[in-house]
Amino acid sequence: QVQVVESGGGLVQTGGSLRVSCTVSGTIFIFNKMGWYRQAPGKQRELVADITGAGTTTYADSVKGRFTISRGNAKNTVFLQMNSLKPEDTGVYYCNAEIVAVGSRWGQGTQVTVSS
Numbered sequence: 025q026v027q028v029v030e031s032g033g034g035l036v037q038t039g040g041s042l043r044v045s046c047t048v049s050g051t052i053f054i055f056n057k058m059g060w061y062r063q064a065p066g067k068q069r070e071l072v073a074d075i076t077g078a079g080t081t082t083y084a085d086s087v088k089g090r091f092t093i094s095r096g097n098a099k100n101t102v103f104l105q106m107n108s109l110k111p112e113d114t115g116v117y118y119c120n121a122e123i124v125a126v127g128s129r130w131g132q133g134t135q136v137t138v139s140s
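According to the numbering used here, the stretch in the sequence shown is residues 25 to 140, in order.
And the structure:
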């Protein structure tokens with residue numbers, strides 16, 4: 025059974041930094057893509073950043089130059105380093121894994137709150 029678990033959220037002041045982590049556990053996987061999405065109160069879930077199995081990254085325009093997505097050495101972990109945080113970055117951050125022969129799996133989310 026596949027489990028996707030996020031960690032590392034919290035409360036930070038404007039201009040601060042946080043790193044959130046996501047680990048996928050279960051059978052050994054091959055990933056098409058892993059990514060981070062966020063959902064602010066009253067808004068739709070949106071893509072923040074993702075990374076393909078080949079290492080190609082995509083970022084939302086609003087986070088380019090401030091956030092960095094990366095994979096762990098074990099390849100079943102993905103990190104999102106968030107710098108120069110703004111209040112509009114506040115939301116629940118969800119990890120998504122697109123896994124070959126399994127499909128798309130979501131984590132439960134981790135709260136990130138940026139105070140002004």
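The beta carbon of each residue, even a glycine, is placed where N, CA and C say it ideally should be.
Whole beta strand (DSSP E) elements within the region 59-121, 3-residue minimum: 70-76, 81-83, 91-95 and 101-106
Own chain, CB closer than 8 Å to Lys-67, minus 5 neighbours either side, in chain order: Gly-115
Reference Gln-135, options Gln-63, Leu-109, Asp-74 and Glu-122, closest by Cα: Gln-63
Through-space distance from Glu-30 to Asp-113, alpha-carbon basis: 17 Å
Please list the terminal residues of the continuous beta strand (DSSP E) segment that includes Gln-135. 134-139
Report the residue from Val-44, Ile-54 and Ala-84 whose alpha carbon sits nearest the alpha carbon of Ala-121. Ile-54
Locate the beta strand (DSSP E) running through Ser-128, then write down its first and last residues. 127-130
Locate the beta strand (DSSP E) running through Gly-34, then write down its first and last residues. 34-37
Is Gly-39 near Ser-108, with beta carbons less than 9 Å apart? yes
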